[in-house]
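Taking it in order: structure first as C-alpha cells, then the write-up.
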Amino acid sequence: GAVGIEALSRGANAVFFVEANRKRTEQIEKMLKDCGYLSSADIIRGEASAFIAKAVKEGLKFDIIFLDPPYHSGELEHILPQLSDGEMLNDKGIIIAEHLSKKKLPDEIGNFVQKKAYKYGDTMLTLYRKKQ
C-alpha cells in the first residue's frame, strides 16, 4: 500500500489497491484515511488475477501497474501473462514488477518488453513497456 499512497501524495488522480488479505486491506484503508486519500482510492479485496479479468472486461486503462505479490508466491508468473496483451495499459504506460533480485523475469512478455531493472539489495524492480 505504501507505493500507492506515495503515488497519491505525488499527484496521482486515483489508485486501485488489490489485496487478498483482509487484515492488509484494513491497514491500507486506515493509512488512506489517516493521509486523507481515501476518496482517491479503490480498495479491492481479492486476487489480482480476478481483478485483471474484471478490469479488462470493463475496459479500464492504467498509466502504471505496480505488482508486488509475496516474493515466494509464484503469482508474477501468472499475473504477467494476463497483462501481456496490453489491454489494461495506456499506450505510454508502464508495468513495474517487484520481486526477488535472484529471480530473472523474461525480457519479453506478449506485447511488452523489459526496459530497465533496478536492484535494491534482495529486491528487484523490473519495468516493462509496450513494444513499439
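Taking this note's numbering, the leading residue of the sequence shown gets 426, the next gets one more, and so forth. Ideal Cβ positions, reconstructed from N, Cα and C, are used throughout, including at glycine.
Check                                                                                                                                 : Outcome
So what's Gln557 in DSSP terms, helix, strand or just coil?                                                                           : coil
Counting Cβ pairs, one atom from each stretch, are 3 or more of them under 8 Å apart for the stretch 508-517 and the stretch 447-457? : no
Which same chain residues, not among the five before or five after Lys544, have their C-beta less than 7 Å away from its C-beta?      : Ser526
Okay, do the stretch 471-485 and the stretch 432-440 touch, 3+ Cβ pairs below 8 Å being the bar?                                      : no
Roughly how many angstroms lie between the CA atoms of Phe491 and Val428, to the nearest whole one?                                   : 8 Å
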